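A.B. asks:
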Amino acid sequence: LVADRGSVWAVGGRAVRLDAAGLLHRVPVPIQVADAAVSDGALLVGGAEGLLRYDAALDRFRLEVALPGIQRVRSGTDGPWVISRGAVFQVVDGQARPFLRTGVALDLAPSTDGVWVGSTDGLERVRLEPGFVGEVQDVLGDLDANIAVPAVALADDGGCWFATEAGAVGRVFAGGSVVQIPLSSADPARPIRIV
C-alpha cells in the first residue's frame with residue numbers, strides 16, 4: 085500500500101487507487117513490481133525492467149528510467165531514490181545518478197541532507213550537504229558489528245529508525261546519539277520494512 089494525498093494505491097499485478105470518496109481506479113502494471121512510492125504527485129513502480137511513472141493524463145505507466153533490477157523505491161525532496169542491484173541511485177529528469185557505497189544496499193530513507201542506507205555492512209548515510217555530496221558515512225561504526233541492516237525509515241527529527249538482521253531495533257537521533265534494543269526472540273525473523 086502506498087499513501088497518496090488522501091487516497092491509497094494498492095500495487096501488485098494492477099495498481100488500484102482508492103480515493104477519499106471511496107472510488108476505485110484500476111491501471112494495469114506492465115512489470116512485476118518489487119516496490120512502489122509516490123514522488124512528485126505520481127505513483128512510481130520499480131522492478132527488474134526499471135522505474136515506471138504513472139501518467140494520469142494517459143492513464144498508463146511510462147518508463148521513467150531503464151535501470152534494471154530495482155529493489156526499492158523511495159520519494160525524496162529532489163526526486164525519487166532507488167536501489168538497483170545493491171547500488172543507490174537518485175533519479176532526476178529521467179537520469180539515474182549513482183552514489184558510492186561500501187556495502188550492498190538493502191533499504192533506504194531519504195532526508196533533506198542525506199540518505200540513510202541499510203546495507204549488508206550495517207547502517208550508512210550518503211551525505212548531500214554542500215562540500216560533502218556523495219560522501220558515505222559508516223553511521224554506527226563498531227556498534228553494528230557489520231551486521232546487515234535490511235530496514236530503515238526516516239524519523240521526524242531527520243534521524244533514522246533501523247532494524248538489524250540480528251534482531252535489534254534502533255534509532256539514530258539527529259544529534260548523533262544512538263539507541264538499540266535487542267528483540268527478545270532467540271531466533272528473530274529478518275525484518276523487511278519499518279513503517
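Position 37, counted from 1, in the sequence shown is what our numbering calls 121; the numbers after and before it change by one each time, with no gaps.
The C-beta atom is built at its ideal place from N, Cα and C for all residues, glycine as well.
Keep in mind that this is a model prediction, so the values were computed, not measured.
1. Taking DSSP's pairing of strands, which residues face Ala118 in a bridge?
2. I'd like the span of the beta strand (DSSP E) that includes Ala180, first residue to last.
3. Do Val113 and Val129 come within 8 Å of each other at the CB atom, strictly closer than that value?
4. Which residue from Ala193, Val279, Val223 puts its Cα closest to that of Gly259?
5. Opposite Glu208 in the DSSP bridges: which residues?
6. For Ala273 and Gly225, I'd like the C-alpha separation in whole angstroms.
7. Which residue from Pro194, Asp88, Leu108 puts its Cα closest to that of Asp240?
8. So, are the CB atoms of Val175 and Pro164 less than 8 Å apart?
9. Mind checking who Gly242 pairs with in its DSSP beta bridge?
10. Whose C-beta lies closer than 8 Å to the C-beta of Pro266 among residues of the same chain, with five residues either side of it excluded?
11. Going by DSSP, what residue range makes up the beta strand (DSSP E) through Glu148?
12. Should the stretch 149-161 be called in touch with the stretch 201-210, which here means at least 3 C-beta pairs below 8 Å?
13. Once DSSP output is grouped into helix, strand and coil, what is the label at Leu136?
14. Relative to the C-alpha of Val263, which residue among Arg277, Asp124, Phe246, Ala232 is closest?
C.D. replies: So, from the listed chains and residues:
1. Numbered from 1 along the sequence shown, position 34 holds the residue referred to as residue 118. None; Ala118 has no bridge partner.
2. The residue given as residue 180 occupies position 96 in the sequence shown. Start and end: 179-183.
3. Translated into positions along the sequence shown, residue 129 becomes position 45. Translated into positions along the sequence shown, residue 113 becomes position 29. Yes, the pair counts as a contact, with Cβ atoms nearer than the cut-off.
4. To locate residue 259, count along the sequence shown from 1; it is residue 175. Of Ala193, Val279, Val223, the residue nearest in Cα terms is Val223.
5. Along the sequence shown, one-based indexing puts residue 208 at 124. Per DSSP, Val201, Asp222.
6. Translated into positions along the sequence shown, residue 273 becomes position 189. Translated into positions along the sequence shown, residue 225 becomes position 141. Cα to Cα, the separation comes out at about 24 Å.
7. Counted from its first residue, the sequence shown places residue 240 at position 156. Nearest C-alpha to Asp240: Pro194.
8. Numbered from its first residue, the sequence shown carries residue 175 at position 91. Numbered from its first residue, the sequence shown carries residue 164 at position 80. Yes, these two residues count as a Cβ contact at 8 Å.
9. For the purposes of this step, residue 242 is identified with residue 158 of the sequence shown, where counting begins at 1. Gly242 pairs with nothing; no bridge assigned.
10. Looking up residue 266 in the sequence shown gives position 182. Once the five neighbours on either side are set aside, the close Cβ partners of Pro266 are Ala250, Gly251, Ala252.
11. By one-based count along the sequence shown, residue 148 stands at place 64. Here the beta strand (DSSP E) through Glu148 covers 144-149.
12. no
13. Reading the sequence shown from its first residue, position 52 is the one you call residue 136. In the structure shown, Leu136 sits in a strand (DSSP, three-state: E or B).
14. The count along the sequence shown starts at 1 and reaches residue 263 at position 179. That would be Phe246, whose Cα lies nearest to the Cα of Val263.
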